[in-house]
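Beneath this line is the structure, given in structure tokens, with notes to follow.
Residue numbers (this note's numbering): 16 to 187.
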């Protein structure tokens, strides 16, 4: 029984052929890529001449790669013409219903008492935020802590000055 060679990767039957152009000096595997590489290595000049005479596009690996490089160089890229723009957040127009919903969610999530909405400082904070034209930047924990400490020291300094003045008046 005659056994045919089989490719261990594709499980196809391997048929070895003798190259008719090389007159029996080369035995090659019958696969297009192998044939293309063989043609380029052994008789590229004859193949190119035939391809030109037949108005055929050369499929030799080197010619295909050269054509790809030529197309890549000829193709104009738009990278030089494009500038990156930051996408601004879509601003949702103000509505009383949207504000009411946001305030109620803030009360619930931060476990605030309902009276927090009636506090004058809350109203001041909202009024300040309304004047913002490009949104509000909310400080982080460290910045908030530092600002609270600075405000407290300023308050103590003013209080100390006030108490010193009152003690001087009492001493007179």
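Where is the CB? At the ideal position from N, CA and C, for every residue including glycine.
For residue 145, the enclosing alpha helix (DSSP H) starts and ends at 135-145. Taking C-beta atoms as the reference points, residue 73 and residue 81 fail to come closer than 7 angstroms. Straight across, the Cα-Cα distance linking residue 164 with residue 133 is about 26 angstroms. DSSP places residue 113 in the uninterrupted alpha helix (DSSP H) bounded by 111-124. If the five residues before and after residue 124 are omitted, its C-beta is found closer than 7 angstroms to no C-beta atom of its own chain. With a threshold of 16 other beta carbon atoms within 10 Å, residue 109 falls short and is exposed.
When secondary structure is reduced to three states using DSSP, residue 71 falls in the coil class, being assigned neither helix nor strand. Per DSSP, the unbroken alpha helix (DSSP H) holding residue 88 starts and ends at 76-89.
Distance from the CA atom of residue 151 to the CA atom of residue 144, rounded to whole angstroms, is 6 angstroms. Secondary structure of residue 130 (DSSP, three-state): helix.
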